[in-house]
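For the sequence shown, position 13 (counting from the first letter as 1) is numbered 12 according to numbering that gives the first Met the number 0, and the numbering increases by one without interruption.
Remarks on the structure that follows.
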Amino acid sequence: MSDTPSSKISDLLDELSVRLSEEEVDEIRELVEKDEEDAALESLCEELYENDVRISADVFETIEDIGKEMALDSSIWAKLQDLILPD
């Protein structure tokens, strides 16, 4: 994965796009393109949670790392822990 929050979020969207609607992915990509990474990450977490999308521990860790890098509140991604697939 690349270094910036924008590129990391884009990489995540590429990976998760098959599990989210095209409209949801496009909306989040628009936020990234407008340099609104915080809103993009929050939106991604919200869509995953609302749609009960199961994620790997690696995806959760990546989301958590991006959130911490941007100094966001952990409540944004903490709720996704319930969606982590068992090993």
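Beta carbons are placed, not taken as given, at the ideal position from N, Cα and C, and that holds for glycine.
According to DSSP, residues forming a beta bridge with Ile-62: As a working mapping, residue 62 is identified with position 63 in the sequence shown. In DSSP, Ile-62 forms no bridge with anything.
8 Å Cβ shell around Glu-56 - same chain, five flanking residues per side excluded: Taking the first residue of the sequence shown as position 1, residue 56 is located at position 57. The sequence given here has Ala at residue 56, not Glu. So the list reads Ile-83, Leu-84, Asp-86, once near-sequence residues are dropped.
Exposure label - Lys-33; buried when at least 16 CB within 10 Å: Counting from 1 along the sequence shown, the entry for residue 33 is found at position 34. Label assigned to Lys-33: exposed.
Arg-53 versus Ala-70, Val-17, Glu-68, residue with shortest Cα-Cα distance: Translated into positions along the sequence shown, residue 53 becomes position 54. Cα-wise, what sits closest to Arg-53 is Val-17.
Beta-carbon proximity of Tyr-48 to Lys-78, cut-off 8 Å: The sequence position of residue 48 within the sequence shown is 49, counting from 1. The sequence position of residue 78 within the sequence shown is 79, counting from 1. Contact: yes.
Host alpha helix (DSSP H) of Asp-10 (start-end): Counting from 1 along the sequence shown, the entry for residue 10 is found at position 11. Counting along the chain, the alpha helix (DSSP H) containing Asp-10 begins and ends at 4-15.
Ser-5 vs Glu-36 beta-carbon contact at 8 Å: Position 6 of the sequence shown, counted from the start, is the residue given in the question as residue 5. Position 37 of the sequence shown, counted from the start, is the residue given in the question as residue 36. Yes, these two residues count as a Cβ contact at 8 Å.
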